[in-house]
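Undergrad:
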Amino acid sequence: MSQFINGIHRESVSGEKSDIIDPSTGSTVATVTLAGSDDVKLAVLAAREAFPAWSRATPGERSGLLTKFATVLEGRAEEIAQLESRQAGKPIRLTREFDVPGTIDNVSFFAGAARNLEGKATGEYSPDHTSSIRREAIGVIGSISPWNYPLQMAAWKILPAIAAGNTIVLKPAEITPLTSILFAEAAKEAGIPDGVINIITGRGSTAGAELMRHPDVDMLSFTGSTAVGRLVMEAAATTAKRLHLELGGKAPFVVFDDADLEAAIHGAVAGSLINTGQDCTAATRAIIHRSLYKDFVDGVAELYSKVRLGPTLDPATDLGPLISMDHRDKVAGMVDRAHGYARVLGGGIPGGELAAGSYYAPTLVADAPADSEIVRDEVFGPVLAAMPFDDDNEAIRLANDTPYGLAASAWTKDIYRALRATSEIRSGCVWVNDHIPIISEMPHGGMKESGFGKDMSTYSMDEYTVVKHVMYDRTGIAAKDWHRTIFTATQ
Ligand code: NAD
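Mapping of the sequence shown onto my numbering: residues 193 to 683, in sequence order.
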């Protein structure tokens, strides 16, 4: 499969290629072309040339095309779900019931949002002038996305950008580019003009770095690790590009002593295992009141033992593989080291027919010290660390004891505790008595080292538009009253 530039599939100028591997079997799903510097230049040029007409299209025209786009995607939903499962190792239930319908709903949402930009009322804020606000597209967006939710991350970057009248060059992760290409292809099928959405399929250190530094890119929107996010910030400084960064996470899952324990146990299992734990908002640090701690640990460990690992395309599979053997070895290494300082329940690399894939079993690391590696660093695997607390102050302190601030949950039936937790936990989202659900109307984005800016919702339209003030003189007088402050010769 080749990249998608200016409405057509193109091999890379260098002709370099790379295999996309199915993490559940180790077999090759497709071979893709690898973009280099010349391809980035072509894609940015296509986006630049498409910008004037696309940014001048009426909101109604853009909305109409996005509505058709949703219909095209619905017709290709099963094809996209299968491809997403194969390239990213996701269980087919997850891609059929979450990734693909969520993406189609996002497209429909932004079809509506395109027509609903809001701003301050035009008016006479000075008696001699009328002021109005224009909300304009920024230009060419350079976007880089990760491998964990390839389709959804592409959609979250592309949709608000183009709904607001920008054009975009997206570089998906080099190991999972296939559904981003299909997404752009479907947009063309719906009538979205050539050059509005361009996908380049290269490595981060080459194509990504080139895109970030391209002088004709007006804004960088990045989802990925905090370490690479820092590089993106540095690159943006070269030509003062606008920035939107969605980075790592280490979500706390706080269970107070009055919580519904059964609900918390179910929530912890689903919230930590979604996408095999390769989710920036996944529950990773279970902070549990000491009175419930033992039962919570036993309950989660028991449910973990019942989770079915299996082939990604089997609808009975609960948990798929990790993205690669390298990543599995990283997760296994962190759990191996945890044996030295905590109580590890479950875990391990399954054998038999799963041995060819990068599978790792659900793992609960109980009694993990707050300063241990498993509690502080992103594992990005099916691993939950658990620790007890004794009072509410300690729970909030532990929840905030992380450089990240993307998502969190608080489990309690006490409204006052919920109010305190939701205001004092420093993260972009706090769920109460649940963990994970997202919805097109509501924003997703972080605080602290989880980045800044919002995906989804009308808040994301703010990221991709710039506010312009236009001020009209109402007097028609040559020597205006305020000129006295500067010079008096004609007064
Ligand atoms: P990553 O940072 O390694 O890679 C992300 C993207 O950056 C890829 O496309 C990669 O090719 C590119 N890249 C890598 N090095 C680059 C460089 N030097 N210059 C330019 N581009 C470069 O992250 P990943 O491993 O793909 O994804 C996992 C990370 O993403 C985790 O930290 C996770 O928390 C984070 N994430 C965050 C969110 C969010 O919404 N906050 C969502 C999903 C994933």
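Just so you know, even glycine gets a beta-carbon here, dropped at the ideal spot from N, CA and C. All figures in this text were calculated on a predicted structure; none of them were measured in a lab.
Would you report the Cα separation of Phe572 and Trp339, rounded to the nearest angstrom?
TA: As a working mapping, residue 572 is identified with position 380 in the sequence shown. As a working mapping, residue 339 is identified with position 147 in the sequence shown. If I take the Cα positions, the gap works out to 12 angstroms.
Undergrad: Should Glu438 be listed as close to ligand 1, given that the test is whether its C-beta is under 7 angstroms from any heavy atom?
TA: Residue 438 sits at position 246 when you count from the first residue of the sequence shown. Yes, the beta carbon of Glu438 sits closer than 7 angstroms to at least one heavy atom of ligand 1.
Undergrad: Measure from the alpha carbon of His519 to the alpha carbon of each residue in Ala474, Gln470, Val499 and Asp490, then state which is nearest.
TA: For the purposes of this step, residue 519 is identified with residue 327 of the sequence shown, where counting begins at 1. Closest option to His519, Cα to Cα, is Gln470.
Undergrad: Which residues in the same chain have their Cβ closer than 6 angstroms to the Cβ of Thr604, if we skip the five residues on either side of it in sequence?
TA: Position 412 of the sequence shown holds residue 604. Closer than 6 angstroms at Cβ, skipping near neighbours: Phe448, Asp450, Ala451 and Ala610.
Undergrad: Are the Cβ atoms of Ile330 and Asn308 separated by less than 8 angstroms?
TA: To locate residue 330, count along the sequence shown from 1; it is residue 138. To locate residue 308, count along the sequence shown from 1; it is residue 116. The answer is no: Cβ separation not under 8 angstroms.
Undergrad: With distance defined between alpha-carbon atoms, name the residue in His481, Ser229 and Ile457 nearest to Asn625.
TA: What you label residue 625 is simply residue 433 of the sequence shown in a count that begins at 1. Closest option to Asn625, Cα to Cα, is Ile457.
Undergrad: In chain order, what residues of the same chain have a beta carbon less than 6 angstroms from the beta carbon of Ser194, not counting five sequence neighbours either side?
TA: Within the sequence shown, numbered from 1, the residue matching residue 194 stands at position 2. Excluding positions up to five away in sequence, the list reads His201, Arg202, Glu203 and Thr225.
Undergrad: Is the separation between the beta-carbon of Pro554 and that of Val489 shorter than 8 angstroms?
TA: In the sequence shown, the residue the question calls residue 554 occupies position 362. In the sequence shown, the residue the question calls residue 489 occupies position 297. Not a contact, by the Cβ cut-off of 8 angstroms.
Undergrad: Is it true that the segment 461–477 meets the segment 614–630, where meeting means three or more beta-carbon pairs spaced less than 8 angstroms apart?
TA: Touching, yes.
Undergrad: How far does the beta strand (DSSP E) with Asp211 in it reach, from first residue to last?
TA: Against the sequence shown, residue 211 aligns to sequence position 19. Residues Lys209 to Ile213.
Undergrad: Report buried or exposed for Ser219, applying the criterion of at least 16 other Cβ atoms within 10 angstroms of its Cβ.
TA: Start at 1 with the first residue of the sequence shown, and residue 219 comes out as number 27. Answer is exposed; the Cβ neighbour count stays below 16.
Undergrad: Taking only three categories from DSSP, how would you classify Arg278?
TA: Translated into the one-based positions of the sequence shown, residue 278 becomes position 86. Helix, per DSSP.
Undergrad: Apart from the five residues on each side of it in sequence, which residues of its chain come closer than 7 angstroms, Cβ to Cβ, to Ala558?
TA: Taking the first residue of the sequence shown as position 1, residue 558 is located at position 366. Excluding residues within five positions, the ones whose Cβ falls inside 7 angstroms are Val489, Ala534, Arg535, Leu537 and Ala578.
Undergrad: Is Ala365 near ligand 1, with its Cβ less than 7 angstroms from a heavy atom?
TA: As a working mapping, residue 365 is identified with position 173 in the sequence shown. Under cutoff, so the answer is yes.
Undergrad: Ends of the alpha helix (DSSP H) at Asn592?
TA: For the purposes of this step, residue 592 is identified with residue 400 of the sequence shown, where counting begins at 1. Taken as a continuous stretch (DSSP letters only), the alpha helix (DSSP H) holding Asn592 covers Asp584 to Asn592.
Undergrad: Are the CB atoms of Thr287 and Ser277 nearer to each other than 8 angstroms?
TA: Position 95 of the sequence shown, counted from the first residue, corresponds to residue 287. Position 85 of the sequence shown, counted from the first residue, corresponds to residue 277. In this structure, Ser277 lies closer than 8 angstroms to Thr287 by Cβ.
Undergrad: Flag Leu370 as yes when its Cβ comes closer than 7 angstroms to any non-hydrogen atom of ligand 1, and as no otherwise.
TA: What you label residue 370 is simply residue 178 of the sequence shown in a count that begins at 1. Incorrect: Leu370 has no Cβ contact closer than 7 angstroms to ligand 1.
Undergrad: Name the one or two DSSP bridge partners that Glu438 has.
TA: In the sequence shown, residue 438 corresponds to position 246, counting from 1. BP columns for Glu438 point to Thr415 and Gly643.
Undergrad: Using alpha carbons as the reference points, say which of Gly400, Arg395, Ile392 and Lys433 lies closest to Leu412.
TA: Your numbering for residue 412 matches position 220 in the sequence shown. When each option's Cα is compared against that of Leu412, the closest is Lys433.
Undergrad: Would DSSP call Glu565 helix, strand or coil?
TA: One-based indexing of the sequence shown puts residue 565 at position 373. DSSP places Glu565 in helix when its eight states are reduced to three.
Undergrad: Please confirm whether any heavy atom of ligand 1 lies closer than 7 angstroms to the CB of Met404.
TA: Locating residue 404 in the sequence shown gives position 212, where the first residue counts as 1. Yes, Cβ of Met404 sits closer than 7 angstroms to a heavy atom of ligand 1.
Undergrad: What three-state label does DSSP hand Ser204 in the structure shown?
TA: Here residue 204 refers to the residue found at position 12 when the sequence shown is read from its first residue. Three-state result, Ser204: coil.
Undergrad: Scan the segment 245–301 and note each continuous alpha helix (DSSP H) run of 4 residues or more that stays entirely inside, going in chain order.
TA: Correct list: 251–267 and 269–280.
Undergrad: Express the C-alpha separation of Val659 and Trp674 in angstroms, rounding to a whole number.
TA: As a position in the sequence shown, residue 674 is number 482, starting the count at 1. As a position in the sequence shown, residue 659 is number 467, starting the count at 1. Approximately 26 angstroms between the Cα atoms of the pair.
Undergrad: For Phe445, report the span of its beta strand (DSSP E) as first-last.
TA: What you label residue 445 is simply residue 253 of the sequence shown in a count that begins at 1. Looking at the DSSP string, the run of the beta strand (DSSP E) that includes Phe445 is Ala443 to Val447.
Undergrad: Quick check: is any heavy atom of ligand 1 less than 7 angstroms from the C-beta of Phe301?
TA: As a working mapping, residue 301 is identified with position 109 in the sequence shown. Answer for Phe301: no, Cβ out of range of ligand 1.
Undergrad: In this structure, what does DSSP give as the bridge partners for Ser550?
TA: The residue labelled residue 550 in the question sits at position 358 within the sequence shown. For Ser550, which the question treats as bridged, DSSP gives no partner whatsoever.
Undergrad: Can you say whether Gly549 is buried or exposed, counting buried as having 16 or more other CB atoms within 10 angstroms of its CB?
TA: By 1-based counting over the sequence shown, the position of residue 549 is 357. Under this definition Gly549 is a buried residue.
Undergrad: Which same chain residues end up closer than 6 angstroms to Ala347 when comparing Cβ atoms and leaving out the 5 residues on each side of it in sequence?
TA: Your numbering for residue 347 matches position 155 in the sequence shown. Excluding residues within five positions, the ones whose Cβ falls inside 6 angstroms are Thr295 and Asn298.
Undergrad: What runs of the beta strand (DSSP E), each 3 residues or longer, lie entirely inside the segment 319–367?
TA: 321–329, 332–336 and 359–363, all fully within the segment 319–367.
Undergrad: Using DSSP bridges, identify the partner residues of Pro580.
TA: As a first step, residue 580 must be located in the sequence shown, where it is residue number 388. Note: Pro580 sits in a beta bridge opposite Ile480.
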